[in-house]
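Using UniProt numbering, count along the sequence shown one by one with no gaps and you end on 321.
Glycine included, every Cβ here is placed at the ideal spot set by N, Cα and C.
This report refers to the structure that appears directly beneath it.
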Amino acid sequence: MLQRAFGRIPWGYTLRRLLIAIPTMLAIITVAFLMMRAAPGGPFDGERKLPPATEAAIAAKFGLDKPLHEQYFSYVGGVLQGDFGPSYKTLGKSVNDLISDGLPISMTIGALTMVFALIVGTTLGIFAGLRQNTAADYGVMGFAMFGISVPTFVTGPILILLLSLGAGIFAVGGLGTWPNIGMSWHNMTLPVLTLALPQIAIISRLMRASMIETMRANHIRTARAKGLAERDVIVRHALPSALLPLVSYAGPAMAGVMTGSVVIEKIFSLPGLGSYFVDGALNRDYTLVMGAIIVYAALIIVLNLVADILYAMLDPKVKYD
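Following this line, the structure appears as C-alpha cells:
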C-alpha cells in the first residue's frame with residue numbers, strides 16, 4: 001500500500017512548485033526589504049542624538065551608508081549563501097544564531113499544537129458527524145463556535161489566571177529558572193492549549209461536515225448493502241474519504257500556527273522566533289525581521305507543498321497537471 005502511495009507522488013508538479021518558489025521568495029524578500037527601509041526611524045535611533053561621527057562609523061560598519069540598491073544586492077547575496085547578517089541590536093550574535101535559538105521553540109509549540117488539535121478536533125468532528133442534529137452534535141458545535149470567536153490573546157491570560165495563578169498547576173510563562181531551564185509540560189502546556197483551541201474548533205467543524213457528506217455517499221450505501229458491520233463501514237470506507245479535506249487544511253494550518261505563535265510567545269514570555277520578530281520590528285532590527293520573514297515564508301511554501309503531495313498520495317483520483 002505504501003509503495004502504491006509513493007508511486008502517486010506528482011514529481012513533475014513538485015518540481016514545478018519548487019521552481020516557482022524561487023521567484024516567490026525573491027519577491028517576498030524584495031517587498032520586505034523595501035518596507036523595512038521605508039518605515040520611519042532606524043535601528044540606531046534613540047532618545048538621545050548620537051554625534052555625527054559616531055553615526056557615520058556605525059552606518060559604515062553595517063553597510064548602511066551605501067546606496068539602497070547596493071544594500072539590497074549585498075543582502076540577497078548573503079541570503080543565497082545562508083547568511084542573514086548580524087543583528088543590529090543583539091551585540092555579538094548574528095541573525096542565524098537568533099533563529100537557531102528561537103526556531104526550535106516555535107516549531108515545538110507549533111508541532112505539539114497541531115498534533116493535539118488534530119487528535120481532539122478529529123475525534124470531536126467524527127463524534128458530532130455521526131450524531132447529526134443531536135444534543136452531542138449541538139454541544140460540539142457550540143464549543144467550536146466559542147473556540148473560533150474568542151481570540152488567543154483573551155484565552156491565554158484567562159488560562160494563566162485559572163490554571164497558573166489560581167490552581168498553581170502550570171508555569172505562568174518562560175522556560176523555567178536555573179537549573180530547571182527547558183521545555184517541559186509545566187511551561188509548555190498552557191501555550192499549546194491556548195494556541196490549539198481555535199484549531200480544535202476549526203478542525204472539528206471541518207471534520208463534522210466532511211463526515212456527514214461522506215456518510216451519504218454512494219460507496220457507503222454500497223458497503224452497507226453488502227452487509228458490512230457499521231464499524232467497518234465507518235473505519236474502512238468513510239474515514240479515509242472524510243480525512244481528505246483535513247489533509248488539505250493541515251499544511252497551511254501548521255504554517256499558520258507557527259506564525260500565529262507570535263502572540264502566544266509574547267503572552268507566555270517564550271524566547272521563540274515570534275518574540276524575536278516582534279522585538280526586531282519594534283527596534284528596527286532590519287536583518288532580524290528579514291530573517292524571520294524569510295523563515296516563515298519558506299515554511300508556508302514547503303508545508304503547503306507537502307499538503308498537496310499528501311492529498312495526491314491518499315486520493316488516487318487527484319491528478320496535478
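Residue i in three-state terms, based on DSSP
i: Ser94; result: strand
i: Pro86; result: strand
i: Ile119; result: helix
i: Pro245; result: helix
i: Val150; result: coil
i: Pro51; result: coil
i: Ile169; result: coil
i: Pro179; result: For Pro179, the pLDDT reaches just 46, beneath the cut-off of 50, and the residue's location in the model is therefore unreliable, although a value from the coordinates is still provided. The answer is coil: DSSP assigns Pro179 none of H, G, I, E or B.
i: Arg131; result: coil
i: residue 322; result: A question about residue 322 goes unanswered here, because the residues of the chain that appear run from 1 up to 321.
i: Leu228; result: coil
i: Asp308; result: helix
i: Asp101; result: helix
i: Pro240; result: helix
i: Gly142; result: helix
i: Ile64; result: First, the amino acid is wrong: residue 64 is Leu here, not Ile. The answer is coil: DSSP assigns Leu64 none of H, G, I, E or B.
i: Pro252; result: helix
i: Asp285; result: coil
i: Gly174; result: coil
Enclosing alpha helix (DSSP H) for residue i [first to last residue]
i: Val278; result: Leu273 to Leu282
i: Thr194; result: Trp185 to Met215
i: Arg17; result: Trp11 to Ala38
i: Thr222; result: Asn218 to Ala225
i: Leu161; result: First-last for Leu161: undefined, no H or E at that position.
i: Gly77; result: Leu68 to Leu80
Alpha carbon of residue i to alpha carbon of residue j, nearest angstrom
i: Leu25; j: Ala135; result: With the sequence shown as reference, residue 25 is identified as Met, and Leu is not the correct amino acid for it. Cα to Cα, Met25 sits roughly 48 Å from Ala135.
i: Phe33; j: Met290; result: 7 Å
i: Phe146; j: Arg205; result: 12 Å
i: Ser74; j: Leu80; result: 10 Å
i: Val120; j: Pro271; result: 27 Å
i: Trp178; j: Asp101; result: Low confidence applies here, because Trp178 scores a pLDDT of 42, under 50, leaving its location unreliable; read the following figure in that light. One C-alpha to the other measures close to 18 Å.
i: Ala57; j: Phe116; result: 51 Å
i: Leu175; j: Thr108; result: 13 Å
i: Ala27; j: Ile169; result: 46 Å
i: Ile200; j: Leu118; result: 7 Å
i: residue 324; j: Ala53; result: Nothing can be reported for residue 324, as the shown portion of the chain is limited to 1 through 321.
i: Pro23; j: Tyr296; result: 16 Å
i: Gly110; j: Leu163; result: 21 Å
i: Leu91; j: Ile294; result: 22 Å
i: Ala258; j: Leu273; result: Checking the sequence shown, residue 258 turns out to be Met, not Ala. Rounded to the nearest angstrom, the two C-alpha atoms are 9 Å apart.
i: Tyr138; j: Trp185; result: 32 Å
i: Gly125; j: Leu239; result: 11 Å
i: Thr14; j: Pro245; result: 20 Å
Cβ neighbours of residue i in the same chain (closer than 7 Å, five flanking residues each side left out)
i: Leu159; result: Leu190, Leu193 and Thr194
i: Phe127; result: Ala136 and Val140
i: Gln132; result: Ile212
i: His237; result: His219, Ile220 and Ala223
i: Phe277; result: Val262, Val289 and Ala292
i: Arg227; result: One detail in the question is off: residue 227 reads as Gly in this sequence, not Arg. Correct list: empty, nothing qualifies.
Top-ranked residue by Cα proximity to residue i, from the options
i: Leu98; options: Leu299, Thr287 and Leu305; result: Thr287
i: Met35; options: Tyr296, Ile109, Asp308 and Arg284; result: Arg284
i: Ala144; options: Thr123, Ser164, Pro157 and Leu161; result: Thr123
i: Met211; options: Asp232, Thr90, Ala242 and Asn218; result: Ala242
i: Leu18; options: Gly142, Ala171 and Asn304; result: Asn304
i: Ala307; options: Ala38, Val295, Val262 and Val247; result: Val247
i: Pro104; options: Leu118, Lys226, Val302 and Glu265; result: Glu265
i: Pro252; options: Met114, Arg37, Gly274 and Ile293; result: Met114
i: Gly82; options: Glu70, Asn96 and Tyr88; result: Asn96
i: Phe153; options: Ala281, Ala225 and Val263; result: Val263
i: Ile203; options: Leu228, Ile293, Gly129 and Ala171; result: Gly129
i: Arg37; options: Thr90, Tyr72 and Leu273; result: Tyr72
i: Tyr88; options: Val233, Phe62, Ser164 and Ser106; result: Phe62
Residues of its chain near residue i, where Cβ-Cβ distance is below 8 Å and the 5 sequence neighbours each way are ignored
i: Thr155; result: Thr194 and Leu197
i: Ala39; result: Arg284
6 Å CB neighbourhood of residue i in its chain, flanking five on each side removed
i: Ser94; result: Pro86
i: Asp300; result: Reading off the sequence shown, one finds Ile at residue 300, where the question assumed Asp. Hits under 6 Å: Ala255.
i: Val76; result: none
i: Leu112; result: Val192
i: Pro173; result: With the sequence shown as reference, residue 173 is identified as Gly, and Pro is not the correct amino acid for it. Contacts found: Phe268 and Ser269.
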